[in-house]
Each structure stands twice: as structure tokens, then as C-alpha cells.
Amino acid sequence: MSDSPNDIYLFVSCLEYIRRKTLRIVNKVDPTILDTQISQIRSSSVDQQHLIKILDATFIRYESSGGEYSQQVLALLEDVEKASPAPKVFKGVIEQFLTDVHIPEDRAFITSCASHFIDVLVNPDVFLGPTALVIVAALITEFSASFSMRAPGILSALAARLKTCPAFVQEPCVIAMIRLRADCDAIPSEVIDTISMIAQSARHSSQMRCKQFLEFSDNKELLVKIIRESASPSLPDFLVSLQNYPPGVPRPSTSSTQFSRSDSQIYRPSGALKYAAYDAPEVIPSLRTWRMSSSRQSTSSSLSGTLSDTSRNSTSPHMTAGHLALASGLENLRIENREADIPEAAILQERDEQASRVDLITLESPFQEDSEIINFTEPVEISDDFDAIWQSFGDLCDLRGWCNIPIDNVIRRLQWVEQRYLRVISADLAPFAGNSLRYFAFQCTYTNSLPQES
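In terms of UniProt numbering, the sequence shown opens at residue 1 and continues consecutively.
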């Protein structure tokens, strides 16, 4: 046994050929053996896998006669689809059947097979389920020129089936009717009425095909051109060609090749808004562009320098509470005021540009946040009173000093308090180590004076 994936794939791909070769040998020895096998499989619980096996044996058994093969397939589908609790399309069966009918080199096999399906289609007393209807639509689309019956009669038969068939098989039926339109000089009036009725209640894809049929009913030349440009006469390739010509395609004009204004409005979306436009957003300066007074800048130079530095340098890392906690433990840490190195005119120009830009965050949003959450992105009134600032948080902060507001927002509000030095202590250090309130990552404490340099 080879371990090569290529050898394994080659062996597995040959199993299908070996199985069919075995069935042909058995059929030449005694055809009744295949008949018995088909009957045994049909008597058991039939699913799609068993149906494909039955189709294989049936094709080998009736490979010499397309009419008998199609008769056996229709009988099999009738038994299965009548027994099905709900309408269902067996896609594997459709693919297997359409593949098998192209195997024989004799053209008469395909012609006789398709002709038998058409004979059943025009007989209203014969049952045709969803799977059989899709097969009929595929055969009509590909072999419509080979039928002995005239195209208008087949169109009328398809229109009659279209009224009672499930919605999910209406589209392939209408595609087959569009193909038949190219072989008709005149379309029966009942066909037009049926298509117009289906276009009002069918699925979106079926409605598109109905509109195409009505369009091509008055424009046969364009339909013939589409058929000629199709890669092959099969239903999938014909559908691809149809999709390049949506409903509402303008009729060819000898006077001008430009679209008229009325025609272009059919398939060009309207530019009008379907809802009232939002009011222009107000320009709100960002918090980080405010200039602080000289007194506050001297008492909280580390924090203000960090914020202003971050606002000017987009590539700088975002300052978090963890960074502040690490910085508080460094004795010789000094943060220079970079604003002094920048000309005052450049700073004012930058702030004017930032204020002139529209803040997209202020646009109306369909998602409303909880009313209890304080919006810290709005400008706040600056106060020097610690108690006033702390009480402005409301229920989010209690009298014990515990706070469930993000540490960055607390720092931003409390940095304006004069004569206070802000320290950030990690939750795993004293006096907070082991505290049950582990949801608070950091706590803020204040001292009455600045720390003494050692």
C-alpha cells in the first residue's frame, strides 16, 4: 500500500470507473441481475445516496435506449417525491442524470431521452415533482432545437406547471421559457398572463427572470444575441449570459446609442435620501487642546506634559494607569515640557486646525448608551475643590474613596486640584493587597504637599 497522496487519489478516482465497468459486465451476462438489484434498493429506505446508486445501475441497464432510461428515471422520481413529506429537490440526482445523458456518443440517446420528458411535461395528468421539473428545464434549455414539438406548445405546458410548482423551482422553469422564446414567432397570451402573475408574488430571483421574459417577448433579436454569446447551450451557461442583461435593458436604437433619460431611471438607483439628513455637527474642541494656566501647569507638570505630549505625537504610546504606577516609583524621573521647544505660532495654528475639523463622534448614532454612565469626552467645568469634583461622579464613587470609573478619567478630572499631589498605587501593593474588592485595578490617594526630593 503506497503512502503517496497522489497514488491514493489515483486509486480512489478509479473506483467509480471500476464499479461501472463491473455493472456493464453483469448487464452483458444477465440484465435481470441489475433489475433485481434496482428493485432491492428501491424497496429499502431511499435517500439521495441510494438514488444515485439506482441511477448508476439504471443507466447501465438502459444505456442503449434513451427513451426507456428516461421512463425509468421518471418512475423512480415519482415514487420518491410522492413519498416525501415536503417538496424537495435532490441536487445530486439532477447532477448525476445530466452527467449520464452526455456519456453516450450516440446523439439519438439524448434526443429520445429529452423528448420523453417533454411528452410527460405536456400531459397535465402526469405528476412531475420539483426534481423532475428542474431536469425538464435543463433539457429544454440545452436541447430545445431538437424537439419535434413546436416551441409555443412547450411554452404553454411550462406555464401551466409554473402555476402549481413550488416557488423554489420557478426560476429554472422561467429560464427555460426564456430560451424557448427565441424559437417562437409569437407567444401565447396565456403565457404572458401567467408570467405577469408570477412576477408579482414570486421570489426575488424568479421576479427578475419574469421581467426578463416580458422584456424579451418584445425584443427577440437581443435574446438571440445572448444565446449566441453563451459559452454553451446548458442552463448554467445560459443563466450567466442572462445575468449580464438585467431586466429593464434598453432596446437597441438605430438613431442613437445613448440611453434616454427615462430608460436610465429604470435601473439607476435614485440619489435622493430615504430619510431626513442629520444636522451639521457642532465643532467641539478636544480636551487635550486646552491650555492650562501657569499655576496649574507648575503643580501638575508631569500629567499635563504627558497629555499634551500624547496629543501632539500620534505615534506616542497611550498613557495608562499602569504606566503612571511605574513612573511613580522612579525617583529621578523628569518629564520635560516639550511645548517650550515648539514655537507659539505653530501651536496656535495646530489647535485652530484641530478645532476646525468636524468631530465625527458627535454625529447622531442609532445606538444609545446607558444614561447613568457619565460622558467624560465632553468638556467639563474646571474646579479646584476636590469634594466638588468627587461628588460630581455621583453614585459611581462613594464616601470611602472607592471608585468604579476608569483610572484615566479620574486622573483627567482630579488633575486640576491645586496643592494636591496625585499618586497612583497598584492594587497588589499595600494598603490594598488582599482586599476583596479586586475589581478596582488602581486606587488614587492625595497628599497635602508635594513629595520631598531625596
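Think of the CB as a built atom: it goes at the ideal place given N, C-alpha and C, for glycine as much as any other residue.
In this text, all values refer to a predicted model and were calculated from it rather than measured experimentally.
To the nearest angstrom, how far is the alpha carbon of residue i from that of residue j?
| i | j | result |
| --- | --- | --- |
| Phe-238 | Cys-173 | 13 Å |
| residue 517 | Cys-184 | Because the chain in this structure spans residues 1 to 454, residue 517 falls outside the shown range and cannot be described. |
| Pro-233 | Ile-227 | 8 Å |
| Thr-99 | Phe-59 | 11 Å |
| Glu-221 | Val-240 | 18 Å |
| Asp-408 | Cys-397 | 15 Å |
| Leu-303 | Val-410 | Bear in mind that the predicted position of Leu-303 carries a pLDDT of just 41, short of 50, making it unreliable; the figure below should be weighed with that in mind. Approximately 12 Å between the Cα atoms of the pair. |
| Arg-203 | Ala-167 | 7 Å |
| Arg-19 | Ile-33 | 15 Å |
| Asn-6 | Leu-23 | 27 Å |
| Ile-140 | Val-80 | 23 Å |
| Ala-137 | Ile-175 | 8 Å |
| Ala-182 | Gln-37 | 44 Å |
| Phe-143 | Leu-155 | 14 Å |
| Leu-242 | Ser-146 | 22 Å |
| Leu-55 | Ile-8 | 27 Å |
| Ser-115 | Arg-61 | 20 Å |
| Glu-394 | Val-424 | Correcting the residue identity first, residue 394 is Gly in this sequence and not Glu. Going from the Cα of Gly-394 to the Cα of Val-424 covers about 22 Å. |
| Glu-78 | Tyr-245 | 36 Å |
| Lys-28 | Ser-65 | 15 Å |
| Gln-40 | Pro-31 | 15 Å |
| Ser-2 | Cys-14 | 15 Å |
| Leu-74 | Lys-225 | 34 Å |
| Glu-63 | Tyr-69 | 7 Å |
| Val-120 | Met-177 | 17 Å |
| Glu-229 | Ile-25 | 43 Å |
| Ile-405 | Ser-392 | 12 Å |
| Lys-21 | Met-208 | 45 Å |
| Gln-96 | Phe-117 | 16 Å |
| Asn-219 | Gln-72 | 40 Å |
| Gly-67 | Ile-187 | 29 Å |
| Glu-16 | Ser-44 | 23 Å |
| Ile-94 | Ala-231 | 21 Å |
| Trp-402 | Ile-389 | 14 Å |
| Ser-314 | Ser-206 | Below a pLDDT of 50, predicted positions are generally treated as unreliable, and Ser-314, at 44, falls in that range; the measurement from the model is reported next regardless. Looking at the two C-alpha atoms, the distance is approximately 54 Å. |
| Val-101 | Ala-57 | 14 Å |
| Phe-11 | Pro-104 | 25 Å |
| Ser-4 | Leu-223 | 51 Å |
| Val-46 | Val-126 | 22 Å |
Per DSSP, residue i is paired with what?
| i | result |
| --- | --- |
| Arg-228 | According to DSSP, Arg-228 bridges with nothing at all. |
| Cys-397 | Cys-403 |
Going by C-alpha distance, which of the options is nearest residue i?
| i | options | result |
| --- | --- | --- |
| Asp-35 | Glu-142, Lys-53, Ile-103 | Lys-53 |
| Leu-76 | Asp-7, Leu-51, Ile-25 | Leu-51 |
| Ala-83 | Asp-56, Arg-42, Val-120 | Arg-42 |
| Ile-192 | Cys-210, Arg-179, Ala-182, Ser-205 | Cys-210 |
| Ala-157 | Glu-190, Ala-182, Asp-395, Val-12 | Glu-190 |
| Glu-171 | Ile-389, Val-134, Leu-155, Leu-223 | Val-134 |
| Thr-164 | Glu-142, Ala-186, Pro-124 | Pro-124 |
| Gln-48 | Ser-392, Cys-14, Gly-92 | Gly-92 |
| Thr-194 | Arg-412, Leu-162, Glu-229 | Leu-162 |
| Val-122 | Ala-160, His-102, Ser-206 | Ala-160 |
| Asp-385 | Arg-413, Trp-402, Ile-405, Cys-403 | Arg-413 |
| Leu-235 | Ala-186, Asn-219, Leu-180, Gln-207 | Leu-180 |
Under the criterion of a Cβ to heavy atom distance below 6 Å, does residue i qualify as lining the ligand GDP?
| i | result |
| --- | --- |
| Gln-71 | With respect to the ligand GDP, the structure shown offers nothing to examine, as it has no ligands at all. |
Does the contact criterion of 3 or more C-beta pairs under 8 Å hold for the region 129-139 versus the region 87-99?
As far as the Cβ criterion goes, the region 129-139 touches the region 87-99, which means the pair count is three or higher.
Please list the segments of the beta strand (DSSP E) lying wholly inside the region 157-244, counting only runs of 3 or more residues, in order along the chain.
Secondary structure in the region 157-244: no beta strand (DSSP E) run of 3 residues or longer lies completely within the stretch.
Counting pairs of beta carbons, one from the region 91-111 and one from the region 190-209, are three or more of them closer than 8 Å?
Because the criterion of three Cβ pairs below 8 Å is not met, the region 91-111 and the region 190-209 do not touch.
Evaluate contact between the region 206-219 and the region 136-152, counting only Cβ atoms and requiring at least three cross-stretch pairs below 8 Å.
Taking one beta carbon from each stretch, the region 206-219 and the region 136-152 have fewer than 3 pairs nearer than 8 Å; the two do not touch.
I'd like the ranges of any alpha helix (DSSP H) spanning at least 4 consecutive residues and lying wholly in the region 65-134.
66-83, 91-100, 107-121
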